[in-house]
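Colleague: Residue numbers (our numbering), protein chains in the order written: chain A, 1 to 559; chain B, 1 to 163. Please see the structure below; I have some questions.
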């Protein structure tokens, strides 16, 4: 993975010193809260319902074991012993003291980490495929490009005061595991007929109050133009995006107001002036970045076929006789492009813990296991789990045993209990309704692993308000918390999807009372099991049948 | 209002700003105040281009203004004032950068409005070289803010640090 140069370190030290100075001026009263707020947000510091929350950047989801140990240390010393992996591959600490935040940032800088631009109306952490560099369906490794975007977007002089936040996701694989169709800009590495490398550029996707699927602004952008083209899009947005209404300020609103063709014309006009001047980079610079992401040493045979990963996975090797191990292997591991290795997901969706939470002890364990079994690196996923991407097949049993002891081997990856859940009313000042207790309610009702495996892959995504941090629009089953006269209700959507077949879920019917939610989900699942064709996914079943048969079942019982 | 120029606070500001609803012609202003250069809005400046003689050499922009309209006239302009109605409104950064990088404007780019010490680093890096403050800022603090970063990830303009 990318290792910092002295240049990066000098920069980061200056940034921490700047924030320390700003925080001291705030504490002395010299700086008002309104002004300080904008400065702290750009360093990842939110004020939540009960305390400050610090969102630390995990650039494109890549962490070294050394960095993971530092996160454990921070959780222990400055927080209550845990952290929370977010849907944008970052990690949040929920209980830091304001006075200590500059010290935390200093500690993070010691291991080349920061919280720059993890909030505020600026370019956020760039996210990508958590399996980058390890899968056979990859056209090109997206991570050098993500690092290039990270550097370019960090304290960019022009784009730090945008109308609203701005999120970029990149994928290099045929199967989209980065949800690029629901980002402000989605980038897909492609090859043209001449075999040259380029990006398909999508713009204007996003969830929130007004969800949109991104539209193609350019089917093929030669890679050397990436930054100038991004800058042209950002400039049109910065100049013309709405600033009068917080809820209409994202780029998706501008793109849809103008229409994609008129928006494209504006971008192309800007780009014609800037494509060879500002924000360019050299081929040598990119090559140096690419050299920082070497392949893991080959242990078996290299699988090079570029085929879409359609979600089906081969049966476990007969040599493994332990049924619990087999269940985990099937659910939580995926083929590596090196037949001698396996990709292993660490489920942060164990029973009785909030989705995405990880304790300091678990962080230390993960760091140690990454060193022993996976090239000392760890990835975070937008589904709020972790990945050890390069585990030698022969070490799988040993790894599983260790993960099991640490509570990180729940065999539910992609299954119903692998829910995406925003922090909701318990932490967040924006939330209308609780999400953690909803998660627990569903988890407890559906804790029978055999039933979960019989259901197959199915996603539940829960948001506590329409800002949609829990991505409910793109869940097979989406749950949105709403407030009705001080009472928490939940609106269900079905048929959403975040991958290649990206789609927004359709509203099932009127909102459901908190106490009836697990029953409603149960009826939905019964309808699915009864109606599905062999091997048919929940999403495909809803696409084929519409919402009516599901609606009938849910509301017949609830009424 | 105090201006920060080349790292120093100065009060010397000869420019007269003529609002659009001010009926005075540019000629009468010039006649009344010898040598006082005049600033007008983009709209008024473009209208003046139709006149054979005028010596307006300053333009003040609002965030909505399209700087591309100035492209053919920049050789006549010494000063462009970029307005920040609130410090969170970032349109001025794009205006500045387009003027410098696309149209190679070499005159003075001045930030005006809600200009705060913690913002001027970004403004300077986008090509703005003079800063108009509503009240006297702490000069030492300004120097510290402008000289803190020795490196940046993007090409930037020289910072107006004293010395």
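Heads up, the beta-carbon is just placed ideally off N, CA and C, and yes, glycines get one too.
1) If you count every other CB in all the chains shown that lies within 10 Å of the CB of residue 22 of chain B, and 16 or more means buried, which is it?
2) What are the uninterrupted segments assigned as alpha helix (DSSP H) that are 4 or more residues long and contained completely in the segment 238-321 of chain A, given in chain order?
3) Pull up the distance between the alpha-carbon of residue 18 of chain B and that of residue 49 of chain B, whole angstroms please.
4) Classify residue 84 of chain A as helix, strand or coil using the three-state DSSP reduction.
5) Could you check whether the Cβ of residue 458 of chain A sits closer than 7 Å to any heavy atom belonging to the ligand ATP?
6) Determine the direct distance from the alpha carbon of residue 87 of chain B to that of residue 119 of chain B, and round the result to whole angstroms.
7) Check whether chain B comes within 8 Å of residue 154 of chain A, counting only Cβ atoms and requiring the distance to be less than that.
8) Cβ closer than 9 Å: which chain B residues qualify as neighbours of residue 279 of chain A?
9) Mind checking if residue 60 of chain B is an interface residue toward chain A, Cβ cutoff 8 Å exclusive?
10) Inspect the CB distances between the segment 294-310 of chain A and the segment 340-355 of chain A and report whether three or more fall short of 8 Å.
11) Which residues in chain B have a C-beta closer than 8 Å to the C-beta of residue 506 of chain A? List them in chain order.
12) Express the C-alpha separation of residue 192 of chain A and residue 541 of chain A in angstroms, rounding to a whole number.
13) Counting only Cβ pairs nearer than 8 Å, list the residues of chain A close to residue 102 of chain B.
14) Nearest to residue 66 of chain A by CA position, among A:261, A:272, A:364, A:201, is which residue?
15) With 7 Å as the limit, tell me which residues of the segment 81-94 of chain B have their beta carbon closer than that to any beta carbon of chain A; keep them in chain order.
16) Indicate whether at least one CB of chain A lies closer than 8 Å to the CB of residue 140 of chain B.
17) Contact criterion: CB-CB distance below 8 Å. Does residue 568 of chain A meet it with respect to chain B?
18) Considering just the uninterrupted stretch of the beta strand (DSSP E) at residue 10 of chain A, what are its terminal residues?
19) Start and end of the alpha helix (DSSP H) containing residue 142 of chain B?
20) Along the segment 126-137 of chain B, what residues have a CB closer than 9 Å to any CB found in chain A?
21) Using a beta-carbon distance below 8 Å, is residue 189 of chain A in contact with chain B?
22) What do you get for residue 222 of chain A, buried or exposed, if any count of 16 or more other CB atoms within 10 angstroms of its CB means buried?
23) Tell me, which residues are paired with residue 131 of chain B by DSSP?
24) Anyone know if the C-beta pair for residue 279 of chain A and residue 350 of chain A falls short of 8 Å?
25) Rounded to a whole number of angstroms, what is the C-alpha to C-alpha distance between residue 396 of chain A and residue 109 of chain A?
26) Would you mind reading off the limits of the beta strand (DSSP E) that contains residue 426 of chain A?
27) Return helix, strand or coil for residue 218 of chain A, following the three-state DSSP convention.
28) Would residue 122 of chain B pass as an interface residue toward chain A - the criterion being a Cβ-Cβ separation below 8 Å?
29) Residues in the same chain with beta-carbon distance under 6 Å from residue 336 of chain A, minus the five sequence neighbours each way, listed in chain order, please.
30) Distance check for residue 154 of chain A and residue 555 of chain A, CA to CA, integer angstroms please.
31) When you compare only the Cα positions, how much space is there between residue 210 of chain A and residue 250 of chain A?
32) Can you find the residues in the same chain that come closer than 8 Å, C-beta to C-beta, to residue 145 of chain B, ignoring five residues on each side of it along the sequence?
33) Within its chain, find whatever has a CB closer than 7 Å to the CB of residue 32 of chain B; leave out the 5 residues flanking it on each side and keep chain order.
34) Looking at residue 513 of chain A: is its Cβ nearer than 8 Å to the Cβ of residue 489 of chain A?
35) Secondary structure at residue 31 of chain B, three-state DSSP: helix, strand or coil?
36) Is the number of C-beta pairs between the segment 387-407 of chain A and the segment 433-443 of chain A that are closer than 8 Å three or more?
Modeller: Per the coordinate set shown:
1) On the second chain, residue 22 of chain B is found 22 positions in, with the first residue counted as 1. Residue 22 of chain B sits exposed, since fewer than 16 C-beta atoms from the chains shown fall within 10 Å of its C-beta.
2) As far as the segment 238-321 of chain A is concerned, its whole alpha helix (DSSP H) runs of at least 4 residues are 251-258, 260-274, 283-290.
3) Along the second chain, read from residue 1 onward, the residue named residue 18 of chain B stands at position 18. Along the second chain, read from residue 1 onward, the residue named residue 49 of chain B stands at position 49. Put simply, the backbone Cα of residue 18 of chain B is about 16 Å away from that of residue 49 of chain B.
4) As a working note, residue 84 of chain A is residue 84 in the first chain. Reduced to three states, the DSSP call for residue 84 of chain A is strand.
5) The ligand content of the structure shown is nil, which means the ligand ATP is not present either.
6) Along the second chain, one-based indexing puts residue 119 of chain B at 119. Along the second chain, one-based indexing puts residue 87 of chain B at 87. Residue 119 of chain B and residue 87 of chain B: Cα-Cα distance of roughly 7 Å.
7) On the first chain, residue 154 of chain A is found 154 positions in, with the first residue counted as 1. Yes, residue 154 of chain A counts as interfacial toward chain B.
8) Mapped onto the first chain, residue 279 of chain A falls at position 279. Per Cβ cutoff of 9 Å: 154, 155.
9) In the second chain, the residue the question calls residue 60 of chain B occupies position 60. So no, residue 60 of chain B is outside the interface.
10) At 8 Å Cβ cutoff, the stretches touch.
11) Counting from one through the first chain, the residue named residue 506 of chain A turns up at place 506. Here the premise fails: no neighbours, minimum Cβ distance about 37 Å.
12) Counting from one through the first chain, the residue named residue 541 of chain A turns up at place 541. Counting from one through the first chain, the residue named residue 192 of chain A turns up at place 192. Here the alpha carbon of residue 541 of chain A sits roughly 34 Å from the alpha carbon of residue 192 of chain A.
13) On the second chain, position 102 is the one that residue 102 of chain B refers to. Near residue 102 of chain B (Cβ distances below 8 Å), the residues of chain A are 273, 274, 277.
14) Looking up residue 66 of chain A in the first chain gives position 66. For the residues A:261, A:272, A:364, A:201, the minimum Cα distance to residue 66 of chain A belongs to A:364.
15) Only those residues of the segment 81-94 of chain B whose C-beta falls short of 7 Å from the nearest C-beta of chain A are listed: 88, 89, 90, 91, 93, 94.
16) Numbered from its first residue, the second chain carries residue 140 of chain B at position 140. Chain A has no Cβ within less than 8 Å of the Cβ of residue 140 of chain B.
17) Residue 568 of chain A lies beyond the range of chain A shown here (1 to 559); nothing can be said about it.
18) By one-based count along the first chain, residue 10 of chain A stands at place 10. Run containing residue 10 of chain A: none in the beta strand (DSSP E); it sits in the alpha helix (DSSP H), 6-27.
19) For this step, residue 142 of chain B is matched to residue 142 along the second chain. Where residue 142 of chain B is concerned, the enclosing alpha helix (DSSP H) starts and stops at 139-147.
20) Residues of the segment 126-137 of chain B whose Cβ lies closer than 9 Å to any Cβ of chain A, in chain order: 126, 127.
21) Mapped onto the first chain, residue 189 of chain A falls at position 189. Judged by the 8 Å Cβ criterion, residue 189 of chain A is not in contact with chain B.
22) Your numbering for residue 222 of chain A matches position 222 in the first chain. By the neighbour-count definition (other C-beta atoms within 10 Å, threshold 16), residue 222 of chain A is an exposed residue.
23) The residue you call residue 131 of chain B lines up with position 131 of the second chain. Beta-bridge annotation (DSSP): residue 131 of chain B is paired with B:4, B:111.
24) The sequence position of residue 279 of chain A within the first chain is 279, counting from 1. The sequence position of residue 350 of chain A within the first chain is 350, counting from 1. Not closer than 8 Å, so no.
25) By one-based count along the first chain, residue 396 of chain A stands at place 396. By one-based count along the first chain, residue 109 of chain A stands at place 109. Going by the C-alpha atoms only, they are around 33 Å apart.
26) The sequence position of residue 426 of chain A within the first chain is 426, counting from 1. In the DSSP assignment, residue 426 of chain A falls outside any beta strand (DSSP E), carrying neither H nor E.
27) Walking along the first chain from the start, residue 218 of chain A turns up at place 218. Looking at residue 218 of chain A - three-state DSSP - the assignment turns out to be strand.
28) By one-based count along the second chain, residue 122 of chain B stands at place 122. So, interface residue.
29) In the first chain, the residue the question calls residue 336 of chain A occupies position 336. Non-local beta-carbon contacts of residue 336 of chain A in its own chain, meaning distances under 6 Å to residues more than five positions away in sequence, involve 134, 342, 343 in chain order.
30) Within the first chain, numbered from 1, the residue matching residue 555 of chain A stands at position 555. Within the first chain, numbered from 1, the residue matching residue 154 of chain A stands at position 154. Straight-line spacing of the CA atoms in residue 555 of chain A and residue 154 of chain A works out to 49 Å.
31) Residue 210 of chain A sits at position 210 when you count from the first residue of the first chain. Residue 250 of chain A sits at position 250 when you count from the first residue of the first chain. In a straight line, the C-alpha of residue 210 of chain A is about 10 Å away from that of residue 250 of chain A.
32) If you number the second chain from 1, residue 145 of chain B lands on position 145. Cβ neighbours of residue 145 of chain B within its own chain (closer than 8 Å, five residues either side excluded): 117, 118, 120, 121.
33) Start at 1 with the first residue of the second chain, and residue 32 of chain B comes out as number 32. Note that residue 32 of chain B has pLDDT 48, beneath the 50 cutoff, so the model's placement of it is unreliable and no number is given.
34) By one-based count along the first chain, residue 513 of chain A stands at place 513. By one-based count along the first chain, residue 489 of chain A stands at place 489. Cβ atoms of residue 513 of chain A and residue 489 of chain A: closer than 8 Å.
35) Along the second chain, one-based indexing puts residue 31 of chain B at 31. Low confidence applies here, because residue 31 of chain B scores a pLDDT of 46, under 50, leaving its location unreliable and the question unanswered by this model.
36) Not touching, per the Cβ criterion.
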